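Chemist: Here the sequence shown is numbered in full-length UniProt numbering, starting from 1 and rising by one per residue.
Where a beta carbon is used, it is the ideal one built from N, C-alpha and C, also for glycine.
All values reported here derive from a predicted model rather than from experimental measurement.
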Amino acid sequence: MQLSAIASACLASVLALSGHYAHAADDSAMDQARRHIAEQAKALEPALLATRRDIHAHPELGNTEHRTAELVATQLRALGLEVRTGVARTGVVAVLKGGLPGPTVALRADMDALPVKEIADLPFASKAKGRYLDKEVDVMHACGHDAHTAILLSTAKVLSDMRERLPGTVVFYFQPAEEGPSDFIPDGKNVWGAKMMVQEGVMQSPKPDAVFGLHVWAGIPAGRIAYRPGPTLASSDDLRIRILGKQTHAGRPWDGIDPITVGAQAIVGLQSVVSRRTDISSYPSVVSIGTINGGTRYNIIPESVDMTGTIRSYDYGIRQKLHGDVRQTVEKIAESGGAKAEVSIIEKYDPTINDPALTQKMLPSLRWAAKEDVVQGPLVSGAEDFSFYAKQAPGLFVFLGVTPRDQDMAKAAPNHNPGFFVDESALVVGVRTLASLTTDYLFAGAKP
Numbered sequence: 001m002q003l004s005a006i007a008s009a010c011l012a013s014v015l016a017l018s019g020h021y022a023h024a025a026d027d028s029a030m031d032q033a034r035r036h037i038a039e040q041a042k043a044l045e046p047a048l049l050a051t052r053r054d055i056h057a058h059p060e061l062g063n064t065e066h067r068t069a070e071l072v073a074t075q076l077r078a079l080g081l082e083v084r085t086g087v088a089r090t091g092v093v094a095v096l097k098g099g100l101p102g103p104t105v106a107l108r109a110d111m112d113a114l115p116v117k118e119i120a121d122l123p124f125a126s127k128a129k130g131r132y133l134d135k136e137v138d139v140m141h142a143c144g145h146d147a148h149t150a151i152l153l154s155t156a157k158v159l160s161d162m163r164e165r166l167p168g169t170v171v172f173y174f175q176p177a178e179e180g181p182s183d184f185i186p187d188g189k190n191v192w193g194a195k196m197m198v199q200e201g202v203m204q205s206p207k208p209d210a211v212f213g214l215h216v217w218a219g220i221p222a223g224r225i226a227y228r229p230g231p232t233l234a235s236s237d238d239l240r241i242r243i244l245g246k247q248t249h250a251g252r253p254w255d256g257i258d259p260i261t262v263g264a265q266a267i268v269g270l271q272s273v274v275s276r277r278t279d280i281s282s283y284p285s286v287v288s289i290g291t292i293n294g295g296t297r298y299n300i301i302p303e304s305v306d307m308t309g310t311i312r313s314y315d316y317g318i319r320q321k322l323h324g325d326v327r328q329t330v331e332k333i334a335e336s337g338g339a340k341a342e343v344s345i346i347e348k349y350d351p352t353i354n355d356p357a358l359t360q361k362m363l364p365s366l367r368w369a370a371k372e373d374v375v376q377g378p379l380v381s382g383a384e385d386f387s388f389y390a391k392q393a394p395g396l397f398v399f400l401g402v403t404p405r406d407q408d409m410a411k412a413a414p415n416h417n418p419g420f421f422v423d424e425s426a427l428v429v430g431v432r433t434l435a436s437l438t439t440d441y442l443f444a445g446a447k448p
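1. Just verifying my parser: in three-state terms, what is the DSSP assignment at Ile267?
2. With Gly245 and Ala339 assumed to form a contact (beta carbons below 8 angstroms), what rounded beta-carbon distance in angstroms separates them?
3. Can you tell me which of Ile301, Val287, Thr296 and Glu342 puts its alpha carbon nearest to the alpha carbon of Arg319?
4. Please look up how many angstroms separate the CB atoms of Thr403 and Ile220, rounded, as I've assumed it's under 8 angstroms.
5. Can you find at least 3 beta carbon pairs, one from the stretch 206-218 and one from the stretch 287-303, that sit closer than 8 angstroms?
6. If we cut at 8 angstroms on Cβ distances, does Ser275 have a partner in chain C?
7. For the alpha helix (DSSP H) that contains Leu197, what are its first and last residues?
8. In three-state DSSP terms, what is Ala69?
9. So what does DSSP say about Gln175, is it helix, strand or coil?
10. Does the beta-carbon distance from Ile346 to Asp238 come in below 8 angstroms?
11. Helix, strand or coil: which one does DSSP assign to Ser160?
12. Can you look up Glu303 in the DSSP assignment and give me helix, strand or coil?
13. What residue does the alpha helix (DSSP H) around Val429 start on, and which one ends it?
14. Looking only at its own chain, which residues have a Cβ that is under 7 angstroms from the Cβ of Asp112, when we skip the five neighbours before and after it?
15. Report the rounded CA-to-CA distance for Leu437 versus Arg327, giving the unit in angstroms.
16. Indicate whether Ser313 and Tyr349 have their beta-carbon atoms separated by less than 8 angstroms.
17. Since Pro221 sits in a beta bridge, which residues does DSSP pair it with?
18. Mapping the DSSP letters down to three states, classify Glu372 as helix, strand or coil.
19. Under DSSP, the beta strand (DSSP E) around Arg240 begins and ends at which residues?
20. Exposed or buried, residue 454, counting other C-beta atoms within 10 Å across all chains shown (16 or more means buried)?
21. For Ala25, which residues from the same chain have a beta carbon less than 7 angstroms from its beta carbon, with the 5 sequence-adjacent residues on both sides left out?
22. Can you check whether the CB of Lys97 is closer than 8 angstroms to the CB of Thr155?
23. Taking the CB atoms as reference points, tell me whether Ala222 and Phe172 lie closer together than 8 angstroms.
24. Relative to the C-alpha of Met162, which candidate in Thr352, Val429, Ala393 and Ala33 has its C-alpha closest?
25. Closest to Pro115 by CA distance: which of Ala435, Phe443 and His416 is it?
26. Within a Cβ cutoff of 7 angstroms, which residues of the same chain sit near Thr68, ignoring the five residues on either side of it in sequence?
27. Rounded to whole angstroms, what's the CA-CA distance from Ala393 to Ala88? Just pull it up for me.
28. Entirely within the stretch 38-70 and at least 4 residues each: give me those alpha helix (DSSP H) ranges in chain order.
29. Check whether the stretch 127-144 touches the stretch 408-422, counting contact only when three or more Cβ pairs, one atom from each stretch, lie closer than 8 angstroms.
30. In whole angstroms, what is the alpha-carbon distance linking Asp31 and Pro101?
31. To the nearest whole angstrom, what separates the beta carbons of Pro208 and Val105, a pair I think is in contact under 8 angstroms?
32. Under 8 angstroms between the Cβ atoms of Ile289 and Ile260?
33. Could you give the first and the last residue of the continuous beta strand (DSSP E) run that contains Val380?
34. With DSSP run on the structure shown, which of helix, strand or coil describes Ser365?
35. Rounded to whole angstroms, what's the CA-CA distance from Leu322 to His36? Just pull it up for me.
36. Determine the extent of the alpha helix (DSSP H) in which Ser336 is found, giving its start and end residues.
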């Protein structure tokens with residue numbers, strides 16, 4: 001018994017000591033990886049900015065990102081990666097296999113631009129035109145997807161240069177149509193963007209253990225990272241309402257059924273869906289009407305009125321309850337006025353939910369990448385189809401500030417605005433962020 005106890009104690013000491021050295025070796029590998037990332041990200045900064053400016057000057061709308069996809073695929077092939085094109089129409093997927101066994105990480109960037117006319121006086125400002133729902137429009141990278149694409153391309157270069165000592169696999173998703181398709185109106189049946197990427201199996205072979213993404217954001221100082229565990233961005237659902245009445249002379253409204261009056265009552269009634277029927281003690285919700293169309297002449301009560309709007313929420317249960325309450329409110333108000341309501345709700349994007357455990361685990365990576373300039377951000381009422389990736393694997397989606405630090409953050413032109421501006425000094429922080437999230441996760445999960 002005594003000899004056994006001594007032997008056990010010795011074995012425990014040896015195991016503890018070996019564990020200590022193994023841990024030290026892991027730390028050394030991570031430290032070496034971070035030094036490589038810092039050096040290479042800085043060295044690649046001129047190429048990073050050149051790529052971003054090239055893409056910015058040649059923006060393309062959702063599902064038409066042909067030039068951008070070709071540029072991306074060319075650079076990825078030059079790195080010796082396995083590259084697939086034509087994914088979800090114009091998407092590009094590349095796989096980097098490390099020299100050592102380990103987990104799989106997916107990184108995502110979106111490539112599409114918006115139907116916005118750029119007003120900035122930049123040498124690489126967009127002068128591009130595009131087709132949006134069969135209409136010619138001005139096109140601009142007013143949401144920073146040019147920066148996302150350039151950041152991920154540089155990240156691929158940084159990680160490729162260390163592939164022999166990389167424990168695991170990295171998959172790069174360059175995704176089209178995050179802002180939605182430019183060639184059709186969503187109807188609840190057709191899919192696009194991240195949802196289409198997932199349906200085409202990009203997260204099955206290889207299957208990631210974690211997925212990371214970032215978004216450049218106005219109103220946050222350049223180089224600062226904002227994150228939030230749990231629900232982070234809202235779901236986005238299209239609300240479409242048609243009120244059917246009975247046309248008549250406006251001087252004799254009693255001869256018909258006025259859909260305009262009923263529609264006005266429905267709009268007022270919808271305000272009570274959130275304020276009186278939705279539990280907002282956990283997360284807020286929004287129901288807004290954005291358009292009203294009906295009638296052809298001042299003295300004619302029309303046959304119908306069409307309205308469109310949006311429904312936003314952060315919780316799946318609240319989301320479904322909102323849908324039911326919206327339908328019931330509009331239909332009953334229409335019925336009370338002798339009219340009929342047709343309510344259609346198109347579910348577009350799910351809420352983006354950051355995995356709490358993954359978020360906590362990767363905080364040191366964010367702090368290193370941003371040199372400790374990391375804050376917990378508020379809920380964002382915008383929507384992101386990164387949500388579809390984060391439903392398939394634990395996900396973390398963060399915001400990278402791009403507003404010059406000498407500006408008033410409250411006055412910065414927001415994303416989707418013609419004056420949206422990217423302080424390019426922040427982009428190298430984006431490369432450090434995606435690269436360190438990847439290597440830290442891979443080294444932490446690598447088997448000894």
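Modeler: Based on what the coordinates show:
1. Indexing the sequence shown from 1 puts residue 267 at position 267. If DSSP states are grouped into helix, strand and coil, Ile267 belongs with the helices.
2. Indexing the sequence shown from 1 puts residue 245 at position 245. Indexing the sequence shown from 1 puts residue 339 at position 339. Their Cβ separation, rounded to whole angstroms, is 5 angstroms, which keeps Gly245 and Ala339 in contact under 8 angstroms.
3. By one-based count along the sequence shown, residue 319 stands at place 319. Proximity to Arg319 across Ile301, Val287, Thr296 and Glu342 peaks at Val287, based on C-alpha coordinates.
4. Within the sequence shown, residue 403 is the residue found at index 403, counting from 1. Within the sequence shown, residue 220 is the residue found at index 220, counting from 1. With a Cβ gap of about 6 angstroms, Thr403 and Ile220 count as contacting.
5. Note that the stretch 206-218 does not touch the stretch 287-303; fewer than 3 beta-carbon pairs, one per stretch, sit closer than 8 angstroms.
6. Checking the listed chains, one finds no chain C in this structure; it contains a single protein chain.
7. The residue labelled residue 197 in the question sits at position 197 within the sequence shown. The displayed chain sequence assigns Met, not Leu, to residue 197. From DSSP, the alpha helix (DSSP H) with Met197 extends over Gly193 to Gln199.
8. In the sequence shown, counting from the first residue as 1, residue 69 sits at position 69. Note: Ala69 maps to helix in three-state DSSP.
9. Within the sequence shown, numbered from 1, the residue matching residue 175 stands at position 175. It is a strand residue.
10. The residue given as residue 346 occupies position 346 in the sequence shown. The residue given as residue 238 occupies position 238 in the sequence shown. One thing to note: Ile346 has its Cβ within 8 angstroms of the Cβ of Asp238.
11. For the purposes of this step, residue 160 is taken as residue 160 along the sequence shown, with counting starting at 1. Three-state DSSP puts Ser160 in a helix.
12. Reading the sequence shown from its first residue, position 303 is the one you call residue 303. It is coil, neither helix nor strand.
13. By one-based count along the sequence shown, residue 429 stands at place 429. That run of the alpha helix (DSSP H) goes Leu427 to Gly445.
14. The count along the sequence shown starts at 1 and reaches residue 112 at position 112. The beta carbon of Asp112 lies closer than 7 angstroms to those of Glu60, Leu61, Gly62, Glu65, His145, Pro176, Ala177, Glu178 and Glu179 in the same chain, with the five residues before and after it left out.
15. Walking along the sequence shown from the start, residue 437 turns up at place 437. Walking along the sequence shown from the start, residue 327 turns up at place 327. Their backbone Cα atoms lie some 43 angstroms apart in a straight line.
16. Here residue 313 refers to the residue found at position 313 when the sequence shown is read from its first residue. Here residue 349 refers to the residue found at position 349 when the sequence shown is read from its first residue. For Ser313 and Tyr349, no; Cβs fall outside 8 angstroms.
17. Here residue 221 refers to the residue found at position 221 of the sequence shown. Thr403, per the DSSP bridge assignment.
18. Translated into the one-based positions of the sequence shown, residue 372 becomes position 372. In the structure shown, Glu372 sits in coil (DSSP, three-state: anything other than H, G, I, E or B).
19. Looking up residue 240 in the sequence shown gives position 240. Ser236 to Leu244 is the extent of the beta strand (DSSP E) around Arg240.
20. In the structure as shown, the chain starts at 1 and stops at 448, and residue 454 therefore has no counterpart that could be examined.
21. Position 25 of the sequence shown, counting from 1, holds the residue named residue 25. Any answer about Ala25 is weak, because its pLDDT of 41 lies below 50 and its placement is not dependable; what the coordinates show is given next. Within the same chain, Ala25 has no close Cβ partners at all.
22. Within the sequence shown, the letter at position 155 stands for residue 155. Within the sequence shown, the letter at position 97 stands for residue 97. Not a contact, by the Cβ cut-off of 8 angstroms.
23. Looking up residue 222 in the sequence shown gives position 222. Looking up residue 172 in the sequence shown gives position 172. In this structure, Ala222 sits away from Phe172, with a CB-CB distance that is not shorter than 8 angstroms.
24. Position 162 of the sequence shown holds residue 162. Minimum Cα-Cα distance from Met162 among the listed residues Thr352, Val429, Ala393 and Ala33 corresponds to Ala33.
25. Residue mapping note: residue 115 aligns to position 115 of the sequence shown, counting from 1. Comparing Cα positions, the closest option is His416.
26. Position 68 of the sequence shown, counted from the start, is the residue given in the question as residue 68. Closer than 7 angstroms at Cβ, skipping near neighbours: Ile55, Glu60, Met111 and Thr149.
27. Indexing the sequence shown from 1 puts residue 393 at position 393. Indexing the sequence shown from 1 puts residue 88 at position 88. Taking the straight line joining both Cα atoms gives about 19 angstroms.
28. Counting only runs of 4 or more, we get 45-57.
29. Touching, per the Cβ criterion.
30. Along the sequence shown, one-based indexing puts residue 31 at 31. Along the sequence shown, one-based indexing puts residue 101 at 101. Asp31 and Pro101: Cα-Cα distance of roughly 19 angstroms.
31. Sequence index remark: in the sequence shown, residue 208 carries index 208 (1-based). Sequence index remark: in the sequence shown, residue 105 carries index 105 (1-based). About 6 angstroms; that satisfies the 8 angstroms criterion.
32. Residue numbering aside, residue 289 sits at position 289 when the sequence shown is read from its first letter. Residue numbering aside, residue 260 sits at position 260 when the sequence shown is read from its first letter. In this structure, the beta-carbon distance from Ile289 to Ile260 does not fall below 8 angstroms.
33. Looking up residue 380 in the sequence shown gives position 380. It is not in any beta strand (DSSP E) - Val380 carries neither H nor E in the DSSP assignment.
34. Numbered from its first residue, the sequence shown carries residue 365 at position 365. Three-state result, Ser365: helix.
35. By 1-based counting over the sequence shown, the position of residue 322 is 322. By 1-based counting over the sequence shown, the position of residue 36 is 36. Between Leu322 and His36, the C-alpha separation is close to 49 angstroms.
36. If you number the sequence shown from 1, residue 336 lands on position 336. For Ser336, the uninterrupted alpha helix (DSSP H) segment begins and ends at Tyr316 to Ser336.
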